[in-house]
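This report concerns only the one structure given below.
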Amino acid sequence: MVTRLQTLKTKLHSFGALSPEAWEAIVAAISLCSLKPNEYFPHKNNCLGYVTEGILVTYDMEGRSVPAIVNFTSPQQSFISRQSNQGIYLKTCSAVLVFYWSYDELKKLYSQFNELKHIYDAFTIEYEQRLFLRMRFLELSVAERINKFREKFRPILPYLKKKDIANYLHLNYSHFVKVWNILD
Numbered sequence: 011m012v013t014r015l016q017t018l019k020t021k022l023h024s025f026g027a028l029s030p031e032a033w034e035a036i037v038a039a040i041s042l043c044s045l046k047p048n049e050y051f052p053h054k055n056n057c058l059g060y061v062t063e064g065i066l067v068t069y070d071m072e073g074r075s076v077p078a079i080v081n082f083t084s085p086q087q088s089f090i091s092r093q094s095n096q097g098i099y100l101k102t103c104s105a106v107l108v109f110y111w112s113y114d115e116l117k118k119l120y121s122q123f124n125e126l127k128h129i130y131d132a133f134t135i136e137y138e139q140r141l142f143l144r145m146r147f148l149e150l151s152v153a154e155r156i157n158k159f160r161e162k163f164r165p166i167l168p169y170l171k172k173k174d175i176a177n178y179l180h181l182n183y184s185h186f187v188k189v190w191n192i193l194d
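Note that the sequence shown ends on residue 194 in the working numbering; no numbers are left out.
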């Protein structure tokens, strides 16, 4: 647990200054969620989550009969769960350990430590950039999508199912596998 906290602290410092008092308050406010493979992270409105172990897959059901995978969140990455995202849910593809902070806890932290709002904004930007990455992939040819995906997600490729990658890249599974194998 100490190593995970140190990794989080290093990440927070990369976004800006962090006083020792703010760090202590952050640690005191952490909620912990441990999930097994194929379990759902309980949707909590306006929370900030940080994956310390495992991979979370973000599904979007909004206006779809079959959910679309819109993001993969791996260790040392954050996610934001907003009230407006009721059609979005998070599911594990491996055992996952998540630190998270509720909206009420975040409000308390911001009121005590101004520098934390800047850090929250940095986490939000990082998360949104990962969501927009999928949109940029969809503008590419099939071979380019697959190659860019492999490049960007190389560390977690062994843990992902090909059907999930095909879903993320918005490709028919059979066509995806055919092109994937040709590119190998």
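Glycine residues also receive a C-beta, built at the ideal position from the N, C-alpha and C atoms.
Worksheet item: What are the partner residues of valine 63, as DSSP defines its beta bridges?
Response: The residue you asked about is not valine; residue 63 is glutamate in the sequence shown. Answer by DSSP bridge pairing, in chain order: Leu107.
Worksheet item: Closest by CA to arginine 140, which one among Thr68, Tyr120 and Glu49?
Response: Thr68
Discussion item. For a test of the three-state rule: what should DSSP assign to aspartate 174, helix, strand or coil?
Written reply: helix
Discussion item. Is it buried or exposed, asparagine 177, if we count other Cβ atoms within 10 angstroms and call 16 or more buried?
Written reply: buried
Worksheet item: Which two residues bound the contiguous beta strand (DSSP E) that contains tyrosine 9?
Response: No information on residue 9 is available, as it lies outside the stretch 11 to 194 that the chain covers here.
Worksheet item: Could you give the residue range of the alpha helix (DSSP H) that holds phenylalanine 142?
Response: 125 to 147
Discussion item. Going by DSSP, what residue range makes up the alpha helix (DSSP H) through valine 187?
Written reply: 183 to 193
Worksheet item: Short check: CB of phenylalanine 142 to CB of leucine 179, under 9 Å?
Response: no
Discussion item. Between tryptophan 190 and isoleucine 156, how many whole angstroms is the CB-CB distance? I'm expecting something under 8 Å.
Written reply: 6 Å
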